[in-house]
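First the structure, in the form of structure tokens, and then the observations on it.
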Amino acid sequence: MRLIQVLIPEGDRANVLAALDEEGIDYAVWEETGRGDFEALVSFPVPDSGVEPVLDSLYAAGIKEKSYTLVMPTETVVSERIGALKDRYRGYRISRDELVARAEDLAPESSTFFIFLIVSTLIATTGLLLNSAATIIGAMVIAPLMGPAISASVGAVLANNDMTKRGVRLQVTGLLAAIVTAAVLGLLLKETVFLPPTDIRTIPQVLERTSPNFLSLFLALGSGVAGAVSVIRGAGSSLVGVAIAVALIPPAATAGLGLAWGDPGIVLTAGVLVLVNLLAINLSALILLWLAGYRPEKGKHEIQARRAVRTRIATVVVGLVLLSVVLATVTWASFGVGTVKTDVNTEVKAMFNSGQFGDLEFEQATVNYDIDEVLLDHPADVTVVVSYGPNGRIPPDVAHRIDERLTKTTGHEVVVHVELVQGQDST
């Protein structure tokens, strides 16, 4: 429920009260003794979803935007007529004015935004280098990226160009700042004793952000929907903010680390993931707000807003389709890598279990085969470790026979290395 208080301009009291009577709303009126432009203050309760239509009726009755209108949350309203109002104004959608206010609250001042963003990126970058998922999630709690994403979409559907531009600007500059921050931290740590020499591609948390696939797209779309719902319903914005930040800050930090380590592959793949997630979050939030029925006030930029939303949706969809080609390629390559590794282990075990290699015993098989090697059609590098006893006989063509079998069954070229380990018993 909401409690609305409105200052009634001189000469409009009768029209305003008649509009409230027509809506079946209980109200209280006080004489205004302050400024001479107003003659009374009216106060009345209304369900959340009724704020916008009731205010539209009051505007038509004489309440001007230059007047003062306060909309406040209220815990409980006791009245026999409230039930009828709730039946009339079903739903949970808040008014345009409340939506704008919430979106503005979520997008803080630029100085506050960048302070929280930089601190969050520093923590997330540290978590990536430490391979600590808990640290990365902790950094997302203070990341302020939900506000700009939601405010850009709110501004678009309500034809508020200033809000849209500010939301887009904060998102773009914020992610660039995150990439630069991670790159600077990476360069500093790389040259100190705090971080031993390492290949960041071997860190699982970094590797996860350099192999984007379509599941990443679903995460971003879901985060955008959740963000819009949380603003419309006024619940769970902190938790949703974490989900949105998870989709943006870690891959941006990974791209920064790629710059620090001079690895263009990491920069490219992580950068694509950032762009895909950014576009998907904005697209889903924009569509949901539009489907929820949010529009500018009647007769005020409504046609302009409709065109702007259609143009924005079309632009974002085109961008997502183009970037999705990369996601599809990586997804296909990832599937190929997994299939080859599984097939290699299965076939090699089967060959040794069949006894065709005599006294040799299979120990393990390691497949060095990455996404870039799939895309470049390079052969998979397979290392097979086998053991044999002191009197064991070693066939001369083990590697060749394994190579032929794997090439035939997997359909991929392979290079096989066989490592022999001689065992001894104490008895």
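In our numbering, the protein residues as written are 48 to 474. Glycine is no exception: its CB is placed at the ideal position from the N, C-alpha and C atoms. Bear in mind that the values here come from a model prediction, so they are computed numbers and not experimental data.
Put residue i into one of helix, strand or coil per three-state DSSP.
i: W379; result: helix
i: T430; result: strand
i: T116; result: strand
i: F241; result: coil
i: Y74; result: coil
i: L325; result: helix
i: P56; result: strand
i: A180; result: helix
i: F404; result: coil
i: N415; result: strand
i: S277; result: helix
i: V373; result: helix
i: H447; result: helix
i: P442; result: coil
i: I247; result: helix
i: I226; result: helix
i: I51; result: strand
i: E86; result: strand
i: P94; result: coil
i: V463; result: strand
Give a yes or no on whether the minimum CB-CB distance between residue i and chain C is below 8 Å.
i: V314; result: Among the protein chains of the structure shown there is no chain C, as only one such chain exists.
Alpha carbon to alpha carbon, how far is residue j from residue i? Give it in angstroms, no decimals.
i: K388; j: A397; result: 14 Å
i: T430; j: V391; result: 10 Å
i: R216; j: E122; result: 37 Å
i: A190; j: S114; result: 37 Å
i: P56; j: E86; result: 6 Å
i: I30; j: A171; result: For residue 30 there is no data in the structure shown, the boundaries of the chain being 48 and 474.
i: I250; j: L175; result: 8 Å
i: V314; j: D209; result: 32 Å
i: P92; j: A61; result: 19 Å
i: E238; j: S258; result: 27 Å
i: S158; j: D134; result: 45 Å
i: D73; j: L67; result: 8 Å
Excluding the five sequence neighbours on either side, which residues of its own chain have a C-beta within less than 6 Å of the C-beta of residue i, listed in chain order?
i: D59; result: G109
i: G221; result: L164
i: A299; result: L222, A225, I226 and V321
i: T211; result: A199, G202 and A203
Near residue i, what residues of its chain come up, given a Cβ to Cβ distance below 7 Å and the 5 sequence neighbours on each side ignored?
i: E145; result: V98 and V118
i: D406; result: Y435, G436, G439 and R440
i: P155; result: P191 and G194
i: R256; result: P297, P298, T301, A317 and L320
i: T358; result: none
With C-beta atoms as the reference, is residue i less than 8 Å away from residue j?
i: V463; j: S434; result: no
i: V395; j: A412; result: yes
i: L335; j: A427; result: no
i: L105; j: V63; result: yes
i: L453; j: V445; result: no
i: F404; j: P442; result: yes
i: N260; j: L374; result: yes
i: E69; j: V101; result: no
i: A292; j: A196; result: no
Between residue i and the rest of its own chain, which residues show a CB-CB distance below 8 Å, the 5 nearest in sequence each way excluded?
i: L330; result: L268, G271, I360, V363, V364 and L367
i: L370; result: V319, L322, V323 and L326
Contact the region 373-380 vs the region 411-424: 3+ CB pairs below 8 Å: yes
Segment contact flag, the region 302-322 with the region 346-364, C-beta cutoff 8 Å, min 3 pairs: no
The region 198-213 contacting the region 337-345, beta-carbon criterion three pairs below 8 Å: yes
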